[in-house]
Amino acid sequence: MIANIALQSYHWYMPEKSTGRLIDSAALKALAHPLRVEILDELSLYGPATASGLAERLGESSGATSYHLRQLAKHAFVREVEGRGTGRERWWERTPGGLTLDFREYEDSPAAVAASEMVSRQWQQRREAILVDFMDHGLERLSEDWIAASVLNSATLTLTSGQLAEISQAWIAFLDENVAKYRGVNLPGSRPVQLQFNAFPLVAGKETPS
């Protein structure tokens with residue numbers, strides 16, 4: 033199973049093809065802390081921030097966020113924003129480019145497997161929280177045009193693993209073709225948007241006998 037994170041999107045399992053930097057065991061160990069995952073996600077979703085700004089949003093001390101930002105920077109997950117801020121108030125941003133967690137890379141290390149599961153679980157929990165927030169408050173807080181542009185969609189099929197892989201690859205190809213052109217663009221009236229697509233077998237289901 034592979035967890036892949038593009039700049040502002042998250043995907044579970046990309047068979048045969050994965051894009052972005054593969055997180056090695058050392059970098060995974062550095063990332064595997066709940067607050068570091070939250071910080072990385074905040075910067076991905078909402079753009080550059082200071083340690084104090086992140087502390088206020090996450091309910092932490094600025095000392096804690098500053099420390100964890102420096103640890104993330106050591107492994108190139110984040111970087112300082114050039115030409116912005118001062119020595120006392122640094123601005124940080126997510127390092128551009130995708131990230132890939134490939135669980136097969138950590139099979140020889142139970143600690144790395146546990147770390148990858150923790151990081152992936154927290155990413156998923158934050159995705160779910162964002163979706164629930166939209167469902168609970170979207171109608172009252174967003175204008176009609178934003179609601180009309182949004183969609184919540186799912187489909188349940190009976191597929192072989194090869195067919196599921198085909199659909200997963202088609203989704204990644206769609207992202208590569210249609211989403212990349214919008215990265216780095218910040219037009220007037222725009223706001224952070226998250227695209228979610230989940231494709232996975234139902235563990236409680238039964239495989240069709242041959």
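Residue numbering for the sequence shown follows this note's numbering, starting at 33 and increasing by one per position.
Virtual Cβ for every residue (Gly too), placed ideally from N, Cα, C.
Since the structure is predicted, the reported quantities are computational estimates derived from the model, not experimental observations.
Taken through DSSP and simplified to helix, strand or coil, Ala64 comes out as coil.
Counting only the Cα atoms, Thr97 lies some 7 angstroms from Leu86. Counting only the Cα atoms, Ala62 lies some 31 angstroms from Val235. Separation of Leu191 and Phe229 (C-alpha to C-alpha, rounded to the nearest whole angstrom) is 17 angstroms.
When Cβ pairs closer than 8 angstroms are counted between the two stretches, the segment 68-81 is seen to touch the segment 121-128, the count reaching three or more.
Nearest Cα to Met167 within the set Leu184, Asp177 and Pro224: Leu184. When DSSP states are grouped into helix, strand and coil, Val225 belongs to the coil group.
Under the three-state reduction of DSSP output, Glu239 falls in the coil class, being neither helix nor strand. Collapsing the DSSP output to three states places Gly85 in a helix.
Residues of the same chain with a CB within less than 6 angstroms of the CB of Leu77, apart from the 5 flanking positions on each side, are Pro224 in chain order. In the DSSP annotation of this structure, Val145 is not part of any beta strand (DSSP E); the continuous alpha helix (DSSP H) holding it starts and ends at Pro142 to Arg173. Between the alpha carbons of Gly194 and Arg120 lies a gap of roughly 53 angstroms.
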